[in-house]
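In the numbering used here, the protein residues as written are 1070 to 1212.
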């Protein structure tokens, strides 16, 4: 759902108990894929929500074209190891993203993106599993 520069997205997934999802072609067929986790273990259910804002939207009071920010949170539960039948503890992930991608002017084609991700899982050796990424790229069109 979008409204005045805001985007709200909710997704869920459920995997059968016989096996996890295998991705032979590097694509995971689930809407709950995150930066670190993809919630595709056998028997796993997941629910996620995303909220984002486009600062360049016509309704935005700031009108900062190309700037957007968002946060995505997902929770997975009921996963199991199909060979042992033992349950895998539930896990959570929070992703935060800020991106600048101008669509016109001399910087058109540039993308600067910062992503922060954190994972929590009960019984894990580490309480949290944070990750920070900075990505910069530039697209050049040949015609």
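Even glycine gets a Cβ: it sits at the ideal position worked out from N, Cα and C.
Taking the straight line between their C-alpha atoms, what separation do you get for residue 1184 and residue 1201?
Walking along the chain shown from the start, residue 1184 turns up at place 115. Walking along the chain shown from the start, residue 1201 turns up at place 132. For residue 1184 and residue 1201, the distance between alpha carbons rounds to 6 Å.
Residue burial classification, residue 1167 (beta-carbon count within 10 angstroms, cutoff 16):
Position 98 of the chain shown, counting from 1, holds the residue named residue 1167. Taking all protein chains shown into account, residue 1167 has fewer than 16 neighbouring C-beta atoms within 10 Å of its C-beta and is therefore exposed.
Short of 6 Å in beta carbon distance, which residues of its chain neighbour residue 1190, apart from the five on each side in sequence? Order them along the chain.
Reading the chain shown from its first residue, position 121 is the one you call residue 1190. Within its own chain, the residues whose Cβ lies closer than 6 Å to the Cβ of residue 1190, once the five positions on either side in sequence are excluded, are 1158 and 1160, listed in chain order.
For residue 1164, report the span of its beta strand (DSSP E) as first-last.
Here residue 1164 is taken as the residue at index 95 of the chain shown, counted from 1. Segment 1160 to 1169, the beta strand (DSSP E) holding residue 1164.
Would you check if the segment 1119 to 1128 and the segment 1095 to 1110 touch, i.e. whether three or more CB-CB distances between them fall below 8 Å?
Three or more beta-carbon pairs separated by less than 8 Å are not found between the segment 1095 to 1110 and the segment 1119 to 1128, which leaves the two stretches without contact.
Relative to the alpha-carbon of residue 1081, which residue among 1169, 1146 and 1199 has its alpha-carbon at the smallest distance?
Here the question's residue 1081 lines up with position 12 in the chain shown. Ranking the options by Cα distance to residue 1081, first place goes to 1146.
Please work out which residues of its chain come closer than 6 Å, Cβ to Cβ, to residue 1074, disregarding the five sequence neighbours upstream and downstream, and give them in chain order.
Numbered from 1 along the chain shown, position 5 holds the residue referred to as residue 1074. Taken in chain order, the residues that qualify are 1122, 1123, 1126, 1128 and 1129.
From what residue to what residue does the beta strand (DSSP E) around residue 1202 run?
Within the chain shown, residue 1202 is the residue found at index 133, counting from 1. First-last of the beta strand (DSSP E) with residue 1202: 1200 to 1207.
Between which two residues does the beta strand (DSSP E) holding residue 1183 run?
If you number the chain shown from 1, residue 1183 lands on position 114. Membership of residue 1183 in the beta strand (DSSP E) is indicated by the continuous run 1179 to 1190.
Nearest-angstrom beta carbon gap, residue 1143 and residue 1116 [assumed within contact, 8 Å]
As a position in the chain shown, residue 1116 is number 47, starting the count at 1. As a position in the chain shown, residue 1143 is number 74, starting the count at 1. With a beta-carbon spacing of about 7 Å, residue 1116 and residue 1143 fall inside the 8 Å limit used to define contacts.
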